[in-house]
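>
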Amino acid sequence: LKVPTVRKIPAFVEPQLCKLTERPPDSAQWVHEVKLDGYRAQLRVEGGRAVMRTRKGLDWTGRFAAIAKAAGALPDCLIDGEVVALDQHQLPSFTALQAALSEGRSADLVFFAFDLLFEGRRDLRTLPLQERKHRLESLLGEIDVAGQIRYVAHLQSSAVAVLASARRLGLEGIVSKRLDAPYTPGRAGSW
């Protein structure tokens, strides 16, 4: 698939947001991810230097220093994801996240990557989610990021079953995403 190129990866891209619904969409066009209880962040890598920005575009590289250090091994890219702290059961814990941040323990944080917006100078936002996730999984699978950066897999099974499983685990919920949708800033309805 042909994608546009840019001279430079932007410092920040307005994030795509979820539209809250009573029931998740349950068709083959949709996949489901676990909703992670953390801080939404963008990871930008250029020339081995990583910068991490919050959902509002604030530079929190210092707060997420261990993730940024690991990300320096990645090729130039811009990745959308969530910074999370895991509890003793390896489940996201917002309380553990707040404690790690207040105590400056960035090594306790993990960046869960769920979308690849730029790969090198290629702007992937117009590609379908399925293609962006495939490229993201390949990109992360090639490089050792010391467990600080992890790919978020999606589930293609019944939305009702995935949501029930998430609730049984005590998770916040699920995020359903259209496989064929481009990355669109704001609440476009495809998440």
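Just so you know, we're using the working numbering here: the sequence shown kicks off at 48 and counts up by one. Quick reminder that beta carbons are idealized off the backbone N, C-alpha and C, glycines included.
1. Tell me the DSSP bridge mates of Asp170?
2. With distance defined between alpha-carbon atoms, name the residue in Leu121, Asp84, Phe165 and Gly220 nearest to Val132.
3. So, is Ile190 buried or exposed, given that buried needs 16 or more other C-beta atoms within 10 angstroms?
4. Could you please give me the residues that DSSP links to Asp127 through a beta bridge?
5. So the candidates are Thr142, Val81, Asp155 and Glu150; which of them puts its Cα closest to the Cα of Ala115?
6. In the structure shown, what three-state DSSP assignment does Ser185 receive?
7. Could you give the residue range of the beta strand (DSSP E) that holds Ser212?
8. Could you tell me whether the Cβ atoms of Leu164 and Val60 are closer together than 8 Å?
9. When every heavy atom of the ligand FAD is checked, does at least one fall within less than 7 Å of the C-beta of Asp73?
10. Under a Cβ-count criterion, where at least 16 other Cβ atoms within 10 Å of its own Cβ denotes burial, should Asp127 be classed as buried or exposed?
11. Could you please give me the residues that DSSP links to Gly220 through a beta bridge?
12. Write down the C-beta distance between Leu174 and Val50 rounded to the nearest angstrom, noting that I regard them as a contact closer than 8 Å.
13. Strictly by DSSP, which residues pair up with Pro139?
14. Kindly indicate which residue of His79, Leu64, Gly95 and Gln76 has the alpha-carbon position closest to the one of Ala88.
15. Rounded to a whole number of angstroms, what is the C-alpha to C-alpha distance between Arg100 and Asp162?
The structure says:
1. Looking at the DSSP assignment, Asp170 forms a beta bridge with Phe165.
2. According to the sequence provided, residue 132 is Ala. The question's Val does not apply to it. Closest in C-alpha terms to Ala132, from the list Leu121, Asp84, Phe165 and Gly220, comes Asp84.
3. Label assigned to Ile190: exposed.
4. Looking at the DSSP output, Asp127 shares a beta bridge with Gln89 and Asp162.
5. Nearest of Thr142, Val81, Asp155 and Glu150 to Ala115, Cα basis: Asp155.
6. Helix, per DSSP.
7. First-last for Ser212: Ala206 to Arg215, but that is the alpha helix (DSSP H), not the beta strand (DSSP E).
8. Yes, they are a contact pair.
9. Absence of the ligand FAD is noted for the structure shown, with no ligands found whatsoever.
10. When all chains shown are included, Asp127 counts as buried.
11. Answer by DSSP bridge pairing: none, since Gly220 is not bridged.
12. Right, their Cβ atoms sit about 6 Å apart.
13. According to DSSP, which records beta bridges pairwise, Pro139 is partnered with Leu133.
14. Measuring from the Cα of Ala88, the nearest candidate turns out to be Leu64.
15. A straight line joining the alpha-carbon of Arg100 with that of Asp162 spans about 15 Å.
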